[in-house]
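**Student:** Below you'll find the structure I mean.
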Amino acid sequence: MDDLLSEFLTETAENLSVLDVELVRLEQNPNNPELLSNIFRLVHTIKGTCGFLGLPRLEAVAHASENVLGKFRDGTLHITPGAVSVILRSLDTIKGILAVLEATEAEPPGDDSALIVLLHEVEEGKEVSAAGGGMAPMPTKPAKAAAKPLVVEMRPQPDLDIDFEPVRAVRQDPDPEPEPVKVAPAKPAAAPKREVAVVEAAPSEPPPVRDSGEDPRESAPKESAVAAQTIRVNVDLLENLMTMVSELVLTRNQLLQILRSQKDSEFAAPLQRLNHVTSELQEGVMKTRMQPIGNAWAKLPRLVRDLAHELGKKIDLQMLGADTELDRQVLELIKDPLTHMVRNSADHGLETGADRLRVGKPEIGRVTLNAYHEGGHIIIEISDDGRGIDLEGIKRKVVQNGIATESEISAMTDQQIQQFIMKAGFSTAAKITSVSGRGVGMDVVKTNIEKIGGTIEIKSSKGRGSTFIIKIPLTLAIVSALIVECAGERFAIPQISVVELVRAAADSEHTIERLKGTPVLRLRNRLLPLVSLQTLLKLEGVDGASDDETFIVVTQVGTYTFGIMVDRVFDTEEIVVKPVAPILRHIEMFSGNTILGDGSVIMILDPNGIASGSGNITLGESRGSEAMAVQAARQDDKMALLLFMAGGGAPKAVPLSLVARLEDVDMASIELSNGQPVVQYRGRLMPLVPIDPCFERHSEGRQPVLVFADGDRSMGLIVDEILDIVEEKLQVQLAAERQGYMGSAIIAGKATDVLDAGFYLTQAYKDWFGSSATEAFEEDKVHRVLLVDDSPFFRNLLTPLLSVAGYNVTTVPSALEALNLCEAGESFDVIVSDIEMPGMTGLEFAAAVRNGSRWQHLPLVALSSHASPRDLDRGRAAGFDDYVAKFDRDALLYTLSQTLSAHKGAA
Amino acid sequence: MSNAKLPAKKAKSEEPSSGHMDFVTMTIANQLFGIPVLQVQDVLGHQRITRIPLAPPEVAGSLNLRGRIVTAIDVRLRLGLSGRPKDKPEMSIVVDLRGELYSLIVDAVGEVLSLSTDDFERNPATLDARWREVSTGIYRLNNQLMVVLDVSRLLNFANLEVA
């Protein structure tokens with residue numbers, strides 16, 4: 014069942030039972046305004062939720078009741094038993110509808126107009142007979158219902174028109190039955206009525222209404238199944254439970270630590286058990302706090318819809334990963350920032366439909382929310398395909414507001430300038446709308462996210478949209494922390510901010526150098542600013558501590574990376590973050606403190622505080638140099654290769670990314686079909702191709718097989734032995750003369766034959782490349798792809814791959830040749846280009862294409878073995894529409910089809 | 010401190026209300042201090058304390074008291090006295106202030122005294138300003154004076170609001 018619906022059912026069931034009681038009390042004390050407003054509020058809530066969920070029948074009934082109650086509340090209508098009865102009856106109707114709703118997830122068809130008319134009459138002040146209005150809907154067997162225990166199963170009866178006929182019958186056939194509501198105490202009053210409603214809902218042919226026998230307990234009306242499955246627990250109780258479990262975990266850790274120092278303790282076994290139970294308990298309690306992030310998003314579609322109306326834009330909100338779960342507490346804390354950011358994207362980010370059409374984008378703007386887990390964190394991306402962040406606008410505003418001078422700004426990187434939108438009181442919106450632009454917001458968003466140990470990153474490219482990436486911890490209760498020592502004191506650093514650890518010593522490859530006393534470290538060809546924890550915390554040096562050996566905790570805060578110098582690094586430990594005492598809250602360097610397994614108290618360092626406390630560091634400063642470093646590092650691109658032996662001679666290699674699976678096939682299971690060896694594999698026949706042409710099939714034993722798969726077909730390549738998987742830079746040095754090989758390369762220090770997988774694929778299926786050509790696209794037209802790559806290996810690799818997917822591929826070895834083709838008047842649907850190429854790089858090529866060439870409107874997809882977000886930015890900046898990792902076959906195909914369809918939409 | 014038990018001779022008091030108050034006594038640099046007994050949670054011997062860098066000097070560090078983190082305050086420094094000599098033993102009184110626990114490090118903890126409010130007197134106007142800030146008044150005991158410490162004022166460091 015839909016989460017929203019089930020929540021609604023639970024809540025409404027609760028509200029209704031409260032209402033039953035309250036209404037009866039109201040009837041007894043008609044002058045209790047508090048009671049009345051409570052009732053009004055409950056009914057109002059029900060009405061509101063019904064409307065939100067699109068349940069018109071419920072809404073209509075609730076609305077009419079609310080009107081009556083509103084008059085009661087205002088004092089314009091006198092509370093009479095008759096009126097109360099009518100309202101109670103409408104509650105019963107609601108309950109009946111809810112029962113069906115719960116079973117079938119749809120509102121039953123039916124007509125409540127009689128009831129509504131009745132309610133209107135009450136509202137207008139017409140007297141409704143109390144007796145008549147009372148328990149009329151029991152013309153058949155009210156007495157029986159009360160006397161005879163019944164269990165009513167509310168199975169959906171699809172062929173039934175559950176109409177709540179009795180409700181309509183009320184007026185026509187007033188029943189002189191005594192009004193039980195008036196005489197019975199509150200609770201029972203509700204009970205028989207509910208039963209009656211159900212009985213009445215039953216059709217003439219008695220449905221599974223089963224006589225339950227003698228047990229009177231069973232006469233209790235069946236509670237809503239959904240309501241019975243969940244209970245509402247006070248959040249405080251859960252929090253409390255969580256704290257206790259956290260303490261238990263700590264105590265457990267402490268015990269385990271003691272156990273480790275004692276051999277052969279008789280406590281070992283029970284402690285192990287305690288360990289397991291505690292872990293499970295912890296997990297269980299954590300789960301009670303976990304909620305799908307979709308809960309925080311539930312209101313967004315509506316919000317975006319309203320925004321779209323207000324702003325006159327067409328907005329498509331896409332929400333991915335709504336079932337990603339995270340801690341309730343975290344969820345609460347990110348709810349508002351998320352709403353704000355979506356609002357921002359819709360208002361600032363997206364252009365109006367007309368503007369979008371003008372720049373050649375689809376009229377409907379898209380805002381995408383994507384949530385997923387990544388190593389103990391939740392990543393939430395909010396992206397739009399709008400105009401991107403207006404750097405010039407920010408610059409103007411910054412100068413205007415006197416935040417920075419023009420010369421300062423001109424020295425800043427784009428990344429730094431974008432960071433300004435996170436500053437308080439900063440808004441570039443030309444006019445203040447009711448939506449956003451008031452200059453409060455992004456700074457609050459940032460503060461809120463950082464408060465829970467999260468980070469936020471901005472990526473934007475002008476005209477192509479912006480993406481905000483929020484990284485937050487899964488839970489706040491227990492975090493993993495690295496324990497370090499500095500000047501004899503131990504500190505914990507939250508693992509979330511630790512990127513890597515580097516040991517720096519005189520004898521190691523890393524040494525700390527000093528620039529006018531400021532320590533820096535060369536790390537992978539760039540300088541990493543260092544912060545001495547000892548200096549920062551003003552710790553007194555301990556004798557013997559020297560610069561001989563220092564550990565550097567490379568820490569990342571936002572986009573700023575720096576190193577924290579410490580003396581020693583211990584283990585990581587799971588810690589429960591506790592707030593520091595109020596008199597210490599002003600110290601920015603600490604985010605909290607905790608008790609370690611050995612019982613000692615330890616301070617938790619706050620990387621954000623350290624970053625801001627360690628000098629005039631503007632976040633995002635290091636971005637530019639980082640990109641350079643990445644580019645330099647890219648020289649040694651590596652790829653995973655599968656090494657195997659087959660057919661004697663040198664070891665063979667094939668890119669691991671091409672291999673779907675490794676299987677061990679029992680030779681006895683190989684059959685011959687059409688003269689070709691095949692094996693039954695996952696319910697299909699998989700042709701087997703030996704690499705060794707002289708391969709002799711043994712009748713027994715097992716043989717390793719590399720499985721290549723494409724869609725639902727697969728083929729197996731029989732090899733002799735699988736050797737290893739290595740990460741190597743693949744440089745095909747000798748072109749192959751033999752069929753089935755691309756050439757030779759040095760891999761793992763040995764000359765290795767690089768396999769041409771495409772050759773073997775066609776051995777298995779002659780039509781491997783091409784049969785699916787028409788499947789991939791609905792149109793008859795085959796898309797033409799221009800592939801620009803200097804490496805013959807990749808050209809050979811990708812050509813079959815793209816052909817399989819139904820593209821017509823043209824390859825050129827360099828960007829210049831590609832431009833020649835452009836001059837020559839060739840036309841393509843999409844260009845896929847490598848980035849690192851001799852002569853003209855992919856980035857330059859993209860810029861050249863975009864700069865007024867004939868192909869300037871063609872989609873461009875960059876292809877590189879590195880597809881980090883940073884690369885993506887650079888690619889986008891150069892004019893690429895998308896960026897794909899070289900070996901990610903699926904991503905490439907997906908991106909191509911996406912890019913093509915997007916362009917088609919825009920055209 | 011048994012010699013301090015008996016109240017000194019009765020003198021006119023500014024506190025007209027009579028009755029008894031119970032105090033936990035302690036000595037710091039040979040001066041007797043008292044804290045209302047109801048505010049005291051625990052009395053501890055020497056504890057392993059984790060130093061807190063960048064904290065005010067009066068904050069000695071934090072310690073683990075049965076799973077709760079307690080902030081330790083060096084009362085000597087808070088009262089403007091010199092730091093404790095390394096070889097001298099120390100004791101702590103744990104107090105509760107608005108749900109937070111603080112451990113007050115003193116030289117020695119004495120006993121619980123029930124004192125008549127008749128012997129209470131406001132701080133002399135000439136008292137050291139630092140002491141006046143943290144003390145509510147003085148009790149005259151037989152042969153010495155006991156300074157009553159106000160825990161919330163003691164923990165309200167200069168320009169710091171104890172939330």
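Chains as they are written, first to last, in this note's numbering: chain A, 14 to 920; chain D, 10 to 172. Where a beta carbon is used, it is the ideal one built from N, C-alpha and C, also for glycine.
Can you pull out the residues from the stretch 72 to 100 of chain D whose beta carbon lies closer than 7 Å to at least one beta carbon of chain A?
**Tutor:** Those would be L72, N73, G76, I78 and T80, in chain order.
**Student:** Relative to the C-alpha of R318 (chain A), which candidate in A:V380, A:D368 and A:D802 has its C-alpha closest?
**Tutor:** Within the first sequence, residue 318 (chain A) is the residue found at index 305, counting from 1. Of the listed residues, the one whose Cα sits closest to R318 (chain A) is A:V380.
**Student:** Under 9 Å between the Cβ atoms of D619 (chain A) and A500 (chain A)?
**Tutor:** Counting from 1 along the first sequence, the entry for residue 619 (chain A) is found at position 606. Counting from 1 along the first sequence, the entry for residue 500 (chain A) is found at position 487. The answer is no: Cβ separation not under 9 Å.
**Student:** Under 9 Å, Cβ to Cβ, is there at least one residue of chain D near R265 (chain A)?
**Tutor:** By one-based count along the first sequence, residue 265 (chain A) stands at place 252. It does not; no Cβ of chain D falls within 9 Å.
**Student:** With a threshold of 16 other CB atoms inside 10 Å of the CB of N606 (chain A), please say whether the residue is buried or exposed.
**Tutor:** In the first sequence, the residue the question calls residue 606 (chain A) occupies position 593. Buried: at least 16 other Cβ atoms inside 10 Å.
**Student:** Give a yes or no on whether 9 Å exceeds the smallest Cβ distance from P66 (chain D) to chain A.
**Tutor:** Stepping through the second sequence from its first residue, residue 66 (chain D) is reached at position 57. Answer no: the Cβ-Cβ gap between P66 (chain D) and chain A never drops below 9 Å.
**Student:** Would you mind telling me which residues of chain D sit closer than 9 Å to I600 (chain A), beta carbon to beta carbon, in chain order?
**Tutor:** For the purposes of this step, residue 600 (chain A) is taken as the residue at position 587 of the first sequence. Simply I61, P62, L63 and A64.
**Student:** Which residues in chain A have a C-beta closer than 8 Å to the C-beta of E109 (chain D)? List them in chain order.
**Tutor:** Reading the second sequence from its first residue, position 100 is the one you call residue 109 (chain D). The answer, in chain order, is A594 and P595.
**Student:** Bridge partners of C499 (chain A), per DSSP?
**Tutor:** Taking the first residue of the first sequence as position 1, residue 499 (chain A) is located at position 486. A:E502, per the DSSP bridge assignment.
**Student:** Mind listing the chain A neighbours of R57 (chain D)? Cutoff is C-beta to C-beta under 7 Å, in chain order.
**Tutor:** Reading the second sequence from its first residue, position 48 is the one you call residue 57 (chain D). Going along chain A in sequence order, the residues near R57 (chain D) (Cβ under 7 Å) are S613.
**Student:** For A860 (chain A), which residues from the same chain have a beta carbon less than 8 Å from its beta carbon, with the 5 sequence-adjacent residues on both sides left out?
**Tutor:** Locating residue 860 (chain A) in the first sequence gives position 847, where the first residue counts as 1. The answer, listed in chain order, is A891 and G892.
**Student:** Which residue wins for smallest C-alpha separation from R141 (chain D), given the options D:G92, D:D105 and D:R162?
**Tutor:** Taking the first residue of the second sequence as 1, we reach residue 141 (chain D) at position 132. Measuring from the Cα of R141 (chain D), the nearest candidate turns out to be D:R162.
**Student:** Looking at L815 (chain A) and V822 (chain A), is the spacing between their C-beta atoms short of 9 Å?
**Tutor:** Residue 822 (chain A) sits at position 809 when you count from the first residue of the first sequence. Residue 815 (chain A) sits at position 802 when you count from the first residue of the first sequence. A contact, by the Cβ cut-off of 9 Å.
**Student:** Please go through the stretch 342 to 401 of chain A and give each complete beta strand (DSSP E) segment of 3 or more residues, from N-terminal end onward.
**Tutor:** Listed in chain order, they are 378 to 387 and 390 to 397.
**Student:** Starting from the C-beta of T908 (chain A), find all residues in its chain whose C-beta is less than 7 Å away, skip the five residues before and the five after it, and write them out in chain order.
**Tutor:** Walking along the first sequence from the start, residue 908 (chain A) turns up at place 895. These residues qualify, in order along the chain: V874, D895 and V897.
**Student:** Which class does V412 (chain A) belong to by DSSP, given the choice of helix, strand or coil?
**Tutor:** The sequence position of residue 412 (chain A) within the first sequence is 399, counting from 1. Note: V412 (chain A) maps to helix in three-state DSSP.
**Student:** Taking a contact to mean a Cβ-Cβ separation below 9 Å, would you say G401 (chain A) touches K326 (chain A) in this structure?
**Tutor:** Within the first sequence, residue 401 (chain A) is the residue found at index 388, counting from 1. Within the first sequence, residue 326 (chain A) is the residue found at index 313, counting from 1. Not closer than 9 Å, so no.
**Student:** Taking only runs of the alpha helix (DSSP H) that begin and end inside the stretch 270 to 302 of chain A, which ones reach a length of at least 4 residues, in chain order?
**Tutor:** 281 to 302, all fully within the stretch 270 to 302 of chain A.
**Student:** Classify Y385 (chain A) as buried or exposed, calling it buried when 16 or more other Cβ atoms lie within 10 Å of its own Cβ.
**Tutor:** Within the first sequence, numbered from 1, the residue matching residue 385 (chain A) stands at position 372. When all chains shown are included, Y385 (chain A) counts as exposed.
**Student:** Note down the Cα distance separating D802 (chain A) from L811 (chain A), rounded to an integer number of angstroms.
**Tutor:** Numbered from its first residue, the first sequence carries residue 802 (chain A) at position 789. Numbered from its first residue, the first sequence carries residue 811 (chain A) at position 798. Distance between the alpha carbons of D802 (chain A) and L811 (chain A): 10 Å.
**Student:** If R6 (chain D) and R75 (chain D) are in contact, beta carbons under 8 Å, what's the gap, nearest whole angstrom?
**Tutor:** Since the displayed chain D opens at 10 and closes at 172, residue 6 (chain D) lies outside it and no answer follows.
**Student:** In this structure, how does DSSP classify V626 (chain A) when only helix, strand and coil are distinguished?
**Tutor:** Looking up residue 626 (chain A) in the first sequence gives position 613. Position check: residue 626 (chain A) holds Gly in this sequence, whereas Val was assumed. G626 (chain A): helix per DSSP, three-state reduction.
**Student:** Run through the stretch 80 to 125 of chain D for me and flag every whole alpha helix (DSSP H) of 4 or more residues, listed as ranges in chain order.
**Tutor:** As far as the stretch 80 to 125 of chain D is concerned, its whole alpha helix (DSSP H) runs of at least 4 residues are 84 to 87.
**Student:** Grouping DSSP H, G and I as helix and E and B as strand, with all else coil, what is A663 (chain A)?
**Tutor:** Translated into positions along the first sequence, residue 663 (chain A) becomes position 650. It is coil, neither helix nor strand.
**Student:** Report the rounded CA-to-CA distance for R808 (chain A) versus D769 (chain A), giving the unit in angstroms.
**Tutor:** Sequence index remark: in the first sequence, residue 808 (chain A) carries index 795 (1-based). Sequence index remark: in the first sequence, residue 769 (chain A) carries index 756 (1-based). If you take the alpha carbons of R808 (chain A) and D769 (chain A), they lie about 11 Å apart.
**Student:** How big is the Cα-Cα spacing for I608 (chain A) and E252 (chain A)?
**Tutor:** Position 595 of the first sequence holds residue 608 (chain A). Position 239 of the first sequence holds residue 252 (chain A). If you take the alpha carbons of I608 (chain A) and E252 (chain A), they lie about 19 Å apart.
**Student:** Step through the CB atoms of chain D and report whether any lies within less than 9 Å of the CB of L4 (chain A).
**Tutor:** The structure shown does not extend to residue 4 (chain A), since chain A spans only 14 to 920, so no value can be given for it.
**Student:** Can you find a C-beta in chain D that's less than 9 Å from the C-beta of R539 (chain A)?
**Tutor:** Stepping through the first sequence from its first residue, residue 539 (chain A) is reached at position 526. It does not; no Cβ of chain D falls within 9 Å.
**Student:** In terms of residues, what are the limits of the alpha helix (DSSP H) holding T59 (chain D)?
**Tutor:** Working through the second sequence from its first residue, we reach residue 59 (chain D) at position 50. First-last for T59 (chain D): undefined, no H or E at that position.
**Student:** Helix, strand or coil for E740 (chain A) per DSSP?
**Tutor:** Along the first sequence, one-based indexing puts residue 740 (chain A) at 727. Strand at E740 (chain A).
**Student:** Where does A931 (chain A) land, buried or exposed, given buried means 16+ other C-beta within 10 angstroms?
**Tutor:** Past the edges of chain A, shown from 14 to 920, lies residue 931 (chain A), and the structure says nothing about it.
**Student:** Would you decide whether V512 (chain A) is buried or exposed? Buried here means 16 or more other CB atoms lie within 10 Å of its CB.
**Tutor:** Taking the first sequence and counting its residues from 1, the one referred to as residue 512 (chain A) is at position 499. By the 10 Å Cβ count, V512 (chain A) comes out exposed.
**Student:** Between the Cα of M435 (chain A) and those of A:Q413, A:E421 and A:I407, spot the shortest distance and give me the residue it belongs to.
**Tutor:** For the purposes of this step, residue 435 (chain A) is identified with residue 422 of the first sequence, where counting begins at 1. Measuring from the Cα of M435 (chain A), the nearest candidate turns out to be A:I407.
**Student:** Could you tell me the alpha carbon to alpha carbon distance between G109 (chain A) and D368 (chain A), rounded to whole angstroms?
**Tutor:** Counting from one through the first sequence, the residue named residue 109 (chain A) turns up at place 96. Counting from one through the first sequence, the residue named residue 368 (chain A) turns up at place 355. So the alpha carbons of these two residues sit roughly 51 Å apart.
**Student:** Identify which residue in A:L550, A:T548, A:V582 and A:H523 has its Cα closest to the Cα of N538 (chain A).
**Tutor:** To locate residue 538 (chain A), count along the first sequence from 1; it is residue 525. When only C-alpha atoms are compared, the closest one is A:H523.
**Student:** Would you call P851 (chain A) buried or exposed, if buried means 16 or more other Cβ atoms sit within 10 Å of its Cβ?
**Tutor:** Within the first sequence, residue 851 (chain A) is the residue found at index 838, counting from 1. Exposed.
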